[in-house]
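Residue numbers (my numbering): 28 to 191.
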Amino acid sequence: MGWLQITSFIVTGLLAIACAVGARRALAGQRGGTWGPRLIGMFGVGLIIAGLFPPDPGFGFPPGAPPGPVMPMSSHAMLHAVGFFVSMLGAIAGTIVFARRFAARGKGGWVAYCVASAVATPLLIALSIAFMSWSGVIVAFAGAVPFGWVAAMAARLRAELAIG
Numbered sequence: 028m029g030w031l032q033i034t035s036f037i038v039t040g041l042l043a044i045a046c047a048v049g050a051r052r053a054l055a056g057q058r059g060g061t062w063g064p065r066l067i068g069m070f071g072v073g074l075i076i077a078g079l080f081p082p083d084p085g086f087g088f089p090p091g092a093p094p095g096p097v098m099p100m101s102s103h104a105m106l107h108a109v110g111f112f113v114s115m116l117g118a119i120a121g122t123i124v125f126a127r128r129f130a131a132r133g134k135g136g137w138v139a140y141c142v143a144s145a146v147a148t149p150l151l152i153a154l155s156i157a158f159m160s161w162s163g164v165i166v167a168f169a170g171a172v173p174f175g176w177v178a179a180m181a182a183r184l185r186a187e188l189a190i191g
């Protein structure tokens with residue numbers, strides 16, 4: 028990964044942790060107010076780990092790299108994979124916590140969005156393994172789902188605070 032992607036992962040991870048702190052304050056004493064923010068924070072920590080430990084060149088990136096995965100993986104690539112796993116697990120579990128929160132509040136559209144995100148993320152990750160030649164593109168979409176979900180949750184919580 029280049030310096031721009033490394034910086035992006037670390038900064039986005041820090042922003043997710045800041046979001047988790049704000050969500051914890053906003054949801055104190057409410058359904059989902061403990062685990063929801065913790066899982067958003069876990070997403071952020073995973074991104075920071077993934078940023079600090081870059082993957083090995085592979086899947087055709089950067090140009091000239093092998094078209095598939097590099098085996099055996101280096102130790103920093105393994106830690107990058109751990110960071111990816113931690114971030115995705117946090118986001119997927121977070122979608123379930125918030126789906127339950129929205130269900131209790133009668134917000135069916137938000138329940139559907141959370142559940143769709145919880146299903147789409149691991150499905151896309153599985154597809155990236157099944158279709159190695161498209162892995163980079165599919166993983167990008169798999170990452171976009173939880174990134175978008177965290178942003179939507181932040182916007183939703185902010186709107187709830189504004190309404191009171």
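Think of the CB as a built atom: it goes at the ideal place given N, C-alpha and C, for glycine as much as any other residue. Note that this is a predicted model, so its numbers are computed, not measured.
Assign residue i to one of three DSSP states: helix, strand, or coil.
i: G91; result: coil
i: G71; result: helix
i: G49; result: helix
i: G136; result: helix
i: G59; result: coil
i: G78; result: helix
i: G40; result: helix
Return the chain-ordered list of same chain residues with a C-beta closer than 6 Å to the C-beta of residue i, the five sequence neighbours on each side being excluded.
i: I119; result: A145 and T148
i: C46; result: I67 and A181
i: I37; result: I75 and G78
i: V172; result: S144, A147 and T148
Please return the same chain residues whose Cβ sits closer than 7 Å to the Cβ of residue i, not counting the five positions on each side in sequence.
i: G121; result: G63, L66, I67 and F70
i: I165; result: L151, L154, S155 and F158
i: T39; result: L74
i: H107; result: A77, F80, P81 and P82
i: G95; result: G85, F86 and M159
How about residue i and residue j: do their beta carbons lie closer than 9 Å?
i: V142; j: A126; result: yes
i: P81; j: I33; result: yes
i: G73; j: G29; result: no
i: H41; j: I75; result: Note that residue 41 corresponds to Leu in the displayed sequence, not to His. Result yes, Cβ atoms of L41 and I75 sit closer than 9 Å.
i: G163; j: G87; result: yes
i: G91; j: P84; result: yes
i: L188; j: A53; result: yes
Does any heavy atom of the ligand HEM sit closer than 8 Å to the C-beta of residue i?
i: G78; result: Of the ligands one can find in the structure shown there are none, so the ligand HEM has no counterpart to examine.
For the alpha helix (DSSP H) containing residue i, name the first residue and the last one.
i: T122; result: S102 to A131
i: L184; result: S162 to I190
Could you say which of the options lies nearest to residue i if we only look at CA atoms?
i: M159; options: R58, Q57, V124 and P93; result: P93
i: A130; options: G59, R52, A104 and V48; result: G59
Using C-beta distances below 8 Å, list every residue in its chain close to residue i, excluding the 5 sequence neighbours before and after it, in chain order.
i: R183; result: W137
i: S35; result: G78
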